[in-house]
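The next block holds one structure in the form of structure tokens; read it before the comments.
Residue numbers (our numbering): 24 to 279.
Dropping the structure here:
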């Protein structure tokens with residue numbers, strides 16, 4: 024029979040094991056911002072990203088391409104038809120037999136249904152449409168599709184998240200899992216949940232996409248960034264959205 028001291032030691036060891044393995048509460052980039060920046064994001068009249076949203080709304084209603092059709096003619100008013108859409112991407116595309124990000128879906132819609140050329144990925148028009156669609160999901164929880172066809176891509180993204188890269192030999196997980204909540208210089212290290220994209224970044228003085236942020240991180244660790252629309256970038260975005268499941272969309276966000 025164990026003594027009281029033995030049981031006490033066992034309880035201490037068990038508590039230590041739980042402390043080492045328990046995940047910290049999940050936080051978004053919004054939670055790590057100063058009250059002043061949080062107020063800027065909350066107020067649509069002060070949020071600079073709303074300039075792109077206004078342009079996206081205009082493009083939503085504008086006929087485009089050889090078909091001469093607008094997004095609204097197929098989908099109707101975006102506040103109803105696009106509600107929840109941004110929370111469910113990347114999603115599997117039947118015709119291409121692969122996942123597409125929301126930005127890629129918009130580009131495919133332009134080509135297939137409007138018979139128009141895709142907009143430049145980081146151009147003002149593409150970001151405006153993306154921001155307008157994403158805004159319709161504001162406040163809704165991220166809910167990746169329950170689709171077995173996405174699993175190989177999500178698994179690949181998880182491996183990429185944990186893979187060391189670049190001359191600094193760091194993985195995404197080293198910063199956004201192991202060191203989240205600490206500081207890099209004066210900047211808090213976030214958990215890396217993509218709840219606010221596309222977002223207005225003060226550092227950029229403009230709106231930018233999640234792939235742009237991933238490329239910035241890769242450059243920061245002195246790695247070769249993924250090419251535009253690379254499979255790796257889609258897989259990593261799918262993993263990030265899966266990792267953030269249940270957190271609320273706050274697009275278009277403001278970040279430092």
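In this text, a Cβ means the ideal position worked out from N, Cα and C, and glycines have one as well.
Quick caveat: nothing in here was measured; it's all calculated off a predicted structure.
Take residue 30 and list the residues in its own chain whose beta-carbon comes closer than 6 Å to its own, dropping the five residues that flank it on each side. The pLDDT assigned to residue 30 is 39, lower than 50, so where the model puts this residue is not dependable; a value taken from the coordinates is nonetheless given after this. Excluding positions up to five away in sequence, the list is empty.
Contacting residues, own chain, Cβ-Cβ under 6 Å from residue 279 (five flanking each side not counted): 225
With which residues is residue 188 paired in a DSSP beta bridge? 193
Beta bridge counterpart(s) of residue 254 as assigned by DSSP: Looking at the DSSP assignment, residue 254 forms no beta bridge with any residue, so it has no partner.
When the Cα atoms are used, what is the spatial distance from residue 252 to residue 68? 33 Å
Are the stretch 144-161 and the stretch 195-209 touching, with three or more C-beta to C-beta distances below 8 Å? no
Could you please give me the residues that DSSP links to residue 269 through a beta bridge? Looking at the DSSP assignment, residue 269 forms no beta bridge with any residue, so it has no partner.
Below 8 Å, can you find three or more Cβ-Cβ pairs linking the stretch 191-202 to the stretch 126-138? no
Pairwise C-alpha distance: residue 142 and residue 243: 27 Å
Residues that residue 210 bridges to, as DSSP identifies them: 207
Using a Cβ-Cβ cut-off of 7 Å (strictly less than) and excluding sequence neighbours within five positions of residue 164, which residues of its own chain qualify? 110, 269, 270, 271
Measuring only the C-alpha atoms, how far is residue 44 from residue 201? For residue 44, the predicted model reports a pLDDT of 45, less than 50, meaning its position is unreliable and no value from the coordinates is stated.
Between residue 221 and residue 274, how many whole angstroms is the CB-CB distance? I'm expecting something under 8 Å. 7 Å
Ordered list of alpha helix (DSSP H) runs contained in the stretch 95-133, each at least 4 residues: 101-104
Since residue 72 and residue 183 should fall inside the 8 Å C-beta cutoff, what is the C-beta to C-beta distance between them, to a whole number of angstroms? About 28 Å separates the two Cβ atoms, so there is no contact after all.
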